[in-house]
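Chemist: So for the sequence shown, this note's numbering puts the first residue at 402; every next one is plus one. Cβ atoms here follow ideal geometry from the backbone N, Cα and C, with glycine treated the same way.
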Amino acid sequence: MEFKQGDRVRIEKNGTVYEGKVMPSMEGYITIKMKSGYNAGFLIDKVSITLLENNGESANGGNGRRNGPEEPESEKEKISRLGLPKIAILSTGGTIASKIDYRTGAVTSQFTADDILAAIPELKEIANFKGRVISSILSENMDPDSWQNLAKAVIEEIEAGADGIIVTHGTDTMMYSAAALSFMIETPVPIVFVGSQRSADRPSSDNAMNAICAARVATSDIAEVVVVMHGTTSDDFCEIHRGTKVRKMHTSRRDAFKSVNSLPIGTVDYGTGKIETFIEYTRRGEKPLKFKSGMEPKCALVKFTPGANPSVLDCYIDGGYKGLVLEGTGLGHVSTKWIPHIQKATDAKMPVVVTSQCLNGRICDRVYDTGRDMLRAGAIEGEDTLPETALVKLMWVLGQTDDYEKALSMLREDLSGEISECTQR
């Protein structure tokens with residue numbers, strides 16, 4: 402039986418029939434993506450396989466044999482492709498660019514941007530793509546230097562004429578990277594982060610749908626840094642999240658990413674490609690391209706827990722750190738024992754930003770005495786900013802200025818949609 406990636410096949414096993422497109426598969430197995438959006442894998446020698454279509458063209462008699470060499474692309478097709486937008490895919494690694502390493506059984510980052518295009522041929526109908534590998538790492542290995550290198554590459558591609566940018570990224574820290582680029586870049590074109598919860602050769606992989614929806618957004622008029630991922634566990638639509646308002650809320654679900662303290666910017670229908678928007682956003686060409694690089698890595702996010710020793714703050718203060726984000730309880734509180742240590746930090750000209758571990762809602766440190774004492778000690782309310790976004794913002798602000806008072810002023814401002822004017826209760 403001859404078949405290749407992208408062919409549509411029918412598989413019969415124990416009286417049950419499965420149909421779908423051939424996905425990247427390990428030796429001796431065949432993995433198909435079914436109409437439901439889920440993948441199914443089979444041992445080749447345990448099933449009956451019938452070729453239905455050769456990469457989108459009907460097979461000859463369904464005998465599984467190719468109809469000869471593929472015909473070259475017609476001049477008409479070439480001309481029509483010349484009219485498509487130019488999109489740069491910047492690959493950083495992660496599950497969307499990963500497959501199983503059968504030596505170890507673990508998922509490793511192995512695909513390049515060109516591999517992604519080969520694996521998802523539907524992308525070529527949306528735009529002309531240029532692939533570029535920035536890094537090949539899992540997202541837990543990203544750091545502020547990585548964010549700056551990625552931002553520089555994005556700037557280079559936009560200056561070279563890209564109509565949109567897609568960044569493929571691991572999901573675990575994608576929200577940090579999206580926030581970092583949101584602060585570093587004012588963009589006239591879409592910058593779209595996309596990933597997948599499950600690699601291409603795993604059952605129910607979400608990589609193809611996420612990438613196709615990301616391409617739709619990259620060719621749209623939404624000129625912001627956004628994250629595009631599954632909106633539900635089914636293959637129906639993706640959500641478009643602002644880069645400073647998004648958080649991964651589940652370890653493994655395909656709809657793990659959600660906007661917090663905000664509606665998503667919109668959705669992308671997988672079947673039709675139609676984009677529906679719900680809130681205001683910056684439009685294509687509305688802002689000129691600006692690159693505001695600079696990140697101060699010596700900042701920390703500290704989670705308060707009952708009974709936690711406040712001397713943990715001294716470790717950062719005495720260790721030469723430049724700023725702290727506190728993830729407080731409820732409206733943004735820590736123990737009264739922590740307040741002298743907050744004062745010690747602010748006396749040392751170290752900004753201290755307070756957020757809430759509740760995530761949803763807005764902090765207010767003026768309701769209870771502890772909160773008022775925190776403010777008197779010099780802490781800054783993070784409003785409804787996510788803790789992770791607050792950390793990245795603090796790093797970026799301190800990378801822009803050494804002036805303490807100016808830094809405090811910038812931290813209180815909504816710089817890239819991270820602070821909502823009004824938070825829903």
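Among the candidates Ser-817, Lys-436, Ile-412, Ser-660, whose CA atom is the shortest distance from the CA of Asp-446?
Modeler: Position 45 of the sequence shown, counted from the start, is the residue given in the question as residue 446. Ranking Ser-817, Lys-436, Ile-412, Ser-660 by Cα distance to Asp-446 puts Ile-412 first.
Chemist: What would DSSP say about Asp-636, mapped onto helix, strand or coil?
Modeler: On the sequence shown, residue 636 is found 235 positions in, with the first residue counted as 1. In the structure shown, Asp-636 sits in coil (DSSP, three-state: anything other than H, G, I, E or B).
Chemist: Considering only their Cβ atoms, is the gap separating Ile-567 from Val-593 smaller than 7 Å?
Modeler: To locate residue 593, count along the sequence shown from 1; it is residue 192. To locate residue 567, count along the sequence shown from 1; it is residue 166. Yes; because the gap between Cβ atoms is below 7 Å, this pair is in contact.
Chemist: Taking buried to mean at least 16 other C-beta atoms within 10 Å of its own C-beta, is Arg-763 buried or exposed?
Modeler: One-based indexing of the sequence shown puts residue 763 at position 362. Buried, because 16 or more other Cβ atoms sit within 10 Å of the Cβ of Arg-763.
Chemist: Keeping to the same chain, check which residues put their C-beta closer than 6 Å to that of Met-486; ignore five residues upstream and five downstream.
Modeler: What you label residue 486 is simply residue 85 of the sequence shown in a count that begins at 1. Note on identity: in this sequence residue 486 is Pro, with Met being the wrong assignment. Cβ within range, chain order: Ala-528, Asp-564, Thr-620.
Chemist: When you compare each of Ala-709, Gly-672, Asp-656, Ala-701 to Val-735 by their alpha carbons, which one comes out closest?
Modeler: For the purposes of this step, residue 735 is identified with residue 334 of the sequence shown, where counting begins at 1. Nearest option by C-alpha distance: Ala-709.
Chemist: Inspect the CB distances between the stretch 740-753 and the stretch 710-730 and report whether three or more fall short of 8 Å.
Modeler: These segments touch.
Chemist: Please state whether DSSP places Thr-569 in a helix, a strand or coil.
Modeler: In the sequence shown, counting from the first residue as 1, residue 569 sits at position 168. Looking at Thr-569 - three-state DSSP - the assignment turns out to be strand.
Chemist: When the Cα atoms are used, what is the spatial distance from Leu-792 to Leu-776?
Modeler: Position 391 of the sequence shown, counted from the start, is the residue given in the question as residue 792. Position 375 of the sequence shown, counted from the start, is the residue given in the question as residue 776. Cα-Cα distance, rounded: 19 Å.
Chemist: Thinking Met-610 and His-631 are a contact (beta carbons under 8 Å), I'd like their distance in whole angstroms, please.
Modeler: Locating residue 610 in the sequence shown gives position 209, where the first residue counts as 1. Locating residue 631 in the sequence shown gives position 230, where the first residue counts as 1. Correct: roughly 7 Å between the Cβ atoms.
Chemist: Between which two residues does the alpha helix (DSSP H) harbouring Met-585 extend?
Modeler: On the sequence shown, position 184 is the one that residue 585 refers to. Taken as a continuous stretch (DSSP letters only), the alpha helix (DSSP H) holding Met-585 covers 575-585.
Chemist: Does the separation of the CB atoms of Ala-552 and Leu-582 fall below 7 Å?
Modeler: Position 151 of the sequence shown, counting from 1, holds the residue named residue 552. Position 181 of the sequence shown, counting from 1, holds the residue named residue 582. Yes, the pair counts as a contact, with Cβ atoms nearer than the cut-off.
Chemist: Consult DSSP for Asn-455 and reduce its assignment to one of helix, strand or coil.
Modeler: On the sequence shown, position 54 is the one that residue 455 refers to. It is a strand residue.
Chemist: Please list, in chain order, all residues of the same chain as Glu-472 whose beta carbon is under 6 Å from its beta carbon, the five residues on each side excluded.
Modeler: Along the sequence shown, one-based indexing puts residue 472 at 71. Caution applies to Glu-472, whose pLDDT of 48 falls short of 50 and renders its modelled position unreliable; the value that the coordinates give is listed next. Nothing listed; no residue qualifies.
Chemist: Between the beta-carbon of Thr-824 and the beta-carbon of Asp-785, is there less than 7 Å?
Modeler: Taking the first residue of the sequence shown as position 1, residue 824 is located at position 423. Taking the first residue of the sequence shown as position 1, residue 785 is located at position 384. Their beta carbons are under 7 Å apart, which means Thr-824 touches Asp-785 by this criterion.
Chemist: With burial defined as no fewer than 16 other Cβ atoms inside 10 Å of the residue's Cβ, what is the status of Pro-665: buried or exposed?
Modeler: The count along the sequence shown starts at 1 and reaches residue 665 at position 264. Looking at its Cβ environment, which holds 16 or more other Cβ atoms inside 10 Å, Pro-665 is buried.
Chemist: Whose C-alpha, out of Lys-422, Asp-656, Lys-691, is nearest the C-alpha of Thr-634?
Modeler: Here the question's residue 634 lines up with position 233 in the sequence shown. Among Lys-422, Asp-656, Lys-691, the Cα nearest to that of Thr-634 is on Asp-656.
Chemist: Gln-598 and Ser-653 look like a contact to me (Cβ under 8 Å); what is the Cβ gap, rounded to whole Å?
Modeler: Reading the sequence shown from its first residue, position 197 is the one you call residue 598. Reading the sequence shown from its first residue, position 252 is the one you call residue 653. At roughly 6 Å, the Cβ-Cβ gap stays under 8 Å, so Gln-598 and Ser-653 are in contact.
Chemist: Buried or exposed for Met-427, going by 16 or more other Cβ atoms inside 10 Å?
Modeler: The sequence position of residue 427 within the sequence shown is 26, counting from 1. Met-427 comes out exposed.
Chemist: With a cut-off of 8 Å on the beta carbons, I'd call Ala-554 and Gly-644 a contact; round off their distance for me.
Modeler: As a first step, residue 554 must be located in the sequence shown, where it is residue number 153. As a first step, residue 644 must be located in the sequence shown, where it is residue number 243. Incorrect: roughly 16 Å between the Cβ atoms, too far for contact.
Chemist: Taking all protein chains shown into account, do 16 or more other C-beta atoms lie within 10 angstroms of the C-beta of His-570, making it buried, or fewer, making it exposed?
Modeler: On the sequence shown, residue 570 is found 169 positions in, with the first residue counted as 1. Buried is the call here.
Chemist: What are the boundary residues of the alpha helix (DSSP H) that includes Arg-654?
Modeler: Taking the first residue of the sequence shown as position 1, residue 654 is located at position 253. That residue, Arg-654, is in no alpha helix (DSSP H); it is neither H nor E in DSSP.
Chemist: I need the straight-line Cα distance from Tyr-419 to Cys-759, nearest angstrom please.
Modeler: Translated into the one-based positions of the sequence shown, residue 419 becomes position 18. Translated into the one-based positions of the sequence shown, residue 759 becomes position 358. Roughly 44 Å between the two C-alpha positions.
Chemist: Start and end of the alpha helix (DSSP H) containing Ile-666?
Modeler: As a working note, residue 666 is residue 265 in the sequence shown. Run containing Ile-666: none; DSSP gives neither H nor E here.
Chemist: What is the DSSP secondary structure of Ile-641, counted as helix, strand or coil?
Modeler: For the purposes of this step, residue 641 is taken as residue 240 along the sequence shown, with counting starting at 1. It is a strand residue.
Chemist: How about Ile-740 and Asp-770: are their beta carbons less than 7 Å apart?
Modeler: In the sequence shown, residue 740 corresponds to position 339, counting from 1. In the sequence shown, residue 770 corresponds to position 369, counting from 1. It is not a contact, given that the beta carbons lie outside the stated cut-off.
Chemist: Using a Cβ-Cβ cut-off of 8 Å (strictly less than) and excluding sequence neighbours within five positions of Glu-789, which residues of its own chain qualify?
Modeler: In the sequence shown, residue 789 corresponds to position 388, counting from 1. Excluding sequence neighbours, Glu-789 sits near Met-576, Tyr-577, Ala-580, Arg-648, Leu-702.
Chemist: Taking C-alpha atoms, which residue in His-742, Gly-695, Tyr-682 lies nearest to Gly-800?
Modeler: Indexing the sequence shown from 1 puts residue 800 at position 399. Here the closest residue by C-alpha is Gly-695.
Chemist: Taking Glu-731 as the reference, which of Lys-745, Val-713, Asn-761 has the closest Cα?
Modeler: Taking the first residue of the sequence shown as 1, we reach residue 731 at position 330. The sequence as given places Gly at residue 731; Glu does not occur at that position. Answer by Cα proximity: Asn-761.
Chemist: Taking the alpha-carbon positions, what's the Asp-573 to Asp-804 distance?
Modeler: The residue you call residue 573 lines up with position 172 of the sequence shown. The residue you call residue 804 lines up with position 403 of the sequence shown. The alpha-carbon atoms of Asp-573 and Asp-804 are separated by roughly 33 Å.
Chemist: I need the straight-line Cα distance from Phe-638 to Ile-676, nearest angstrom please.
Modeler: Your numbering for residue 638 matches position 237 in the sequence shown. Your numbering for residue 676 matches position 275 in the sequence shown. Going from the Cα of Phe-638 to the Cα of Ile-676 covers about 10 Å.
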